[in-house]
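Chemist:
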Amino acid sequence: MELLRDSIPMVSLAVSAAALYARAVSSRLRPGFPRLAALLPVVAFLAAAPLAFSSSATTRGMAAFFLAWLGVFKVALLAAGLGPLDPALPVLPFLFTAALPVKLMTNRGGSGSGTRPAGEAAAASKRPAPAFLVSCAAKVAVVAALLRAYRFKDRLPLYARLAMYGVHMYCFFDLLLPCIAAAAGALGMEAEPQFDLPYLASSLRDFWGRRWNLVVPAVLRPSVYGPVRARAGRAAGVLATFLVSGLMHEVMVCYLTLRPPTGEMAAFFLIHGACCVAEGWCAARGWPPTPPRPVATLLVVAFVAGTAFWLFFPPINRDGGDEVLLEEWTAVAAFVGDAGRKLFQ
Numbered sequence: 014m015e016l017l018r019d020s021i022p023m024v025s026l027a028v029s030a031a032a033l034y035a036r037a038v039s040s041r042l043r044p045g046f047p048r049l050a051a052l053l054p055v056v057a058f059l060a061a062a063p064l065a066f067s068s069s070a071t072t073r074g075m076a077a078f079f080l081a082w083l084g085v086f087k088v089a090l091l092a093a094g095l096g097p098l099d100p101a102l103p104v105l106p107f108l109f110t111a112a113l114p115v116k117l118m119t120n121r122g123g124s125g126s127g128t129r130p131a132g133e134a135a136a137a138s139k140r141p142a143p144a145f146l147v148s149c150a151a152k153v154a155v156v157a158a159l160l161r162a163y164r165f166k167d168r169l170p171l172y173a174r175l176a177m178y179g180v181h182m183y184c185f186f187d188l189l190l191p192c193i194a195a196a197a198g199a200l201g202m203e204a205e206p207q208f209d210l211p212y213l214a215s216s217l218r219d220f221w222g223r224r225w226n227l228v229v230p231a232v233l234r235p236s237v238y239g240p241v242r243a244r245a246g247r248a249a250g251v252l253a254t255f256l257v258s259g260l261m262h263e264v265m266v267c268y269l270t271l272r273p274p275t276g277e278m279a280a281f282f283l284i285h286g287a288c289c290v291a292e293g294w295c296a297a298r299g300w301p302p303t304p305p306r307p308v309a310t311l312l313v314v315a316f317v318a319g320t321a322f323w324l325f326f327p328p329i330n331r332d333g334g335d336e337v338l339l340e341e342w343t344a345v346a347a348f349v350g351d352a353g354r355k356l357f358q
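Here's what the structure looks like:
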């Protein structure tokens, strides 16, 4: 691990080698226990790799999301012959899918609750280039403004600061994931969009299933929701999916902060899972009457924000965790600003 320490290129090479091994093994072994046993070293490596980034909480957290969560789940699904990884994929799409939070387009319709057919997702992903660039520029401007506003955060109420963190997190992910998808497109691959205007969600099921960070439901649906639903019904499948998501968020916070879990993330997602089940039950019975869409959207945003302020952000911000992240973000912004000034001088 010393060779990989704080080296993005070396970790990337090691992950690529592990993915190539997984592809070679899977092409020779049928899905089942023998393939799983052969892939366990890859699972162990992906779980440990984020710890190579000991000096940067941001990089460690992102690597944990890419590798220790999504990567491990994708490899586990590969062992069962499911999921986005397939040994029949060409090398480059296989590596891209294994190492990064993308879901490449397929010709099949989605399965499970809250999915859209691939054709519909493709249409959603083909936004006009000017609109995409304007959206990216707006998010860059928002992040830049937030970084400047953080200088005065001690004068702001707690909830104002937490709201800023939430907007920052959304803008960051909605910049990062489309950039990764654009890189896939430049290499001849087409990736499904991962965000779809989550602030316009008309229900919690709409928010989590169709609009927010869709690469996560893409791996949880076949690994958790589908099997549990087949045995115990839709409600149990939804609750199990949110529980696993909550547990994995607990793990992500451990990677990010290097502190033991507190259970708050798990509670956040269990509450949302239970509310999604109740929402579906009420919708099936037509009670209470559906409010106008603007009112429904406002209620969803208020509920997501309120529960996030209560349970999602505290384990990240506790013991000065937010200060560490803000220092790193400020340093990155200063580096990018200096590089831009030198480029245009």
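According to this note's numbering, the residues represented by the sequence shown are 14 to 358, in order. Note that the Cβ used here is the ideal one computed from N, Cα and C, for glycine as well. Treat the numbers as computed from the prediction; the structure is a model and nothing was measured.
#1: Can the beta-carbon of Ala50 be found closer than 9 Å to that of Leu98?
#2: Under 9 Å between the Cβ atoms of Val314 and Ala214?
#3: Would you kindly check if the distance between the Cβ of Ala32 and the Cβ of Ala112 is under 9 Å?
#4: Note down the Cα distance separating Leu188 from Glu205, rounded to an integer number of angstroms.
#5: With 16 as the cutoff for other CB atoms within 10 Å, does Ile21 come out buried or exposed?
#6: By how many angstroms is the C-alpha of Glu277 removed from the C-alpha of Ala231?
#7: Tell me which residues share the same chain as Met177 and place their Cβ nearer than 6 Å to its Cβ, disregarding the 5 neighbours each side in the sequence.
#8: Do Ala93 and Ala81 have their C-beta atoms within less than 9 Å of each other?
#9: Can the beta-carbon of Val156 be found less than 9 Å from the beta-carbon of Cys184?
#10: Please state the DSSP three-state secondary structure of Ala248.
#11: How far does the alpha helix (DSSP H) with His294 in it extend, from its first residue to its last?
#12: Below 8 Å, can you find three or more Cβ-Cβ pairs linking the segment 331–338 to the segment 234–241?
#13: On the DSSP letters alone, give me the boundaries of the alpha helix (DSSP H) that Ala309 sits inside.
#14: Measuring straight from C-alpha to C-alpha, what distance separates Phe255 and Cys289?
#15: For Tyr163, is the classification buried or exposed, using 16 other Cβ atoms within 10 angstroms of its Cβ as the cut-off for buried?
#16: Rounded to the nearest angstrom, what separates Phe281 and Ala70 at their Cα positions?
#17: Can you name the start and end residues of the alpha helix (DSSP H) that Leu108 belongs to?
Modeler: Taking the geometry as given:
#1: In the sequence shown, residue 50 corresponds to position 37, counting from 1. In the sequence shown, residue 98 corresponds to position 85, counting from 1. Cβ distance not < 9 Å, so Ala50 and Leu98 don't count as in contact.
#2: Position 301 of the sequence shown holds residue 314. Position 201 of the sequence shown holds residue 214. For Val314 and Ala214, yes; Cβs fall inside 9 Å.
#3: As a first step, residue 112 must be located in the sequence shown, where it is residue number 99. As a first step, residue 32 must be located in the sequence shown, where it is residue number 19. Going by C-beta atoms, Ala112 is nearer than 9 Å to Ala32.
#4: Here residue 188 refers to the residue found at position 175 of the sequence shown. Here residue 205 refers to the residue found at position 192 of the sequence shown. Those two C-alpha atoms are separated by around 15 Å.
#5: As a working mapping, residue 21 is identified with position 8 in the sequence shown. Ile21 is exposed by the Cβ-count criterion.
#6: By one-based count along the sequence shown, residue 231 stands at place 218. By one-based count along the sequence shown, residue 277 stands at place 264. If I take the Cα positions, the gap works out to 24 Å.
#7: As a first step, residue 177 must be located in the sequence shown, where it is residue number 164. So the list reads Leu159, once near-sequence residues are dropped.
#8: Here residue 93 corresponds to residue number 80 of the sequence shown, with the count starting at 1. Here residue 81 corresponds to residue number 68 of the sequence shown, with the count starting at 1. No, they are not a contact pair.
#9: By 1-based counting over the sequence shown, the position of residue 156 is 143. By 1-based counting over the sequence shown, the position of residue 184 is 171. It is a contact, given that the beta carbons lie within the stated cut-off.
#10: The residue labelled residue 248 in the question sits at position 235 within the sequence shown. It is helical.
#11: Sequence index remark: in the sequence shown, residue 294 carries index 281 (1-based). For the record, residue 294 in the displayed sequence is Trp; it is not His. That run of the alpha helix (DSSP H) goes Glu277 to Arg298.
#12: no
#13: Numbered from its first residue, the sequence shown carries residue 309 at position 296. First-last of the alpha helix (DSSP H) with Ala309: Arg306 to Thr320.
#14: Position 242 of the sequence shown, counting from 1, holds the residue named residue 255. Position 276 of the sequence shown, counting from 1, holds the residue named residue 289. Approximately 10 Å between the Cα atoms of the pair.
#15: Within the sequence shown, the letter at position 150 stands for residue 163. Tyr163 is buried by the Cβ-count criterion.
#16: The residue you call residue 281 lines up with position 268 of the sequence shown. The residue you call residue 70 lines up with position 57 of the sequence shown. Rounded to whole angstroms, Phe281 to Ala70 spans 22 Å at the Cα level.
#17: Taking the first residue of the sequence shown as position 1, residue 108 is located at position 95. Segment Val104 to Ala112, the alpha helix (DSSP H) holding Leu108.
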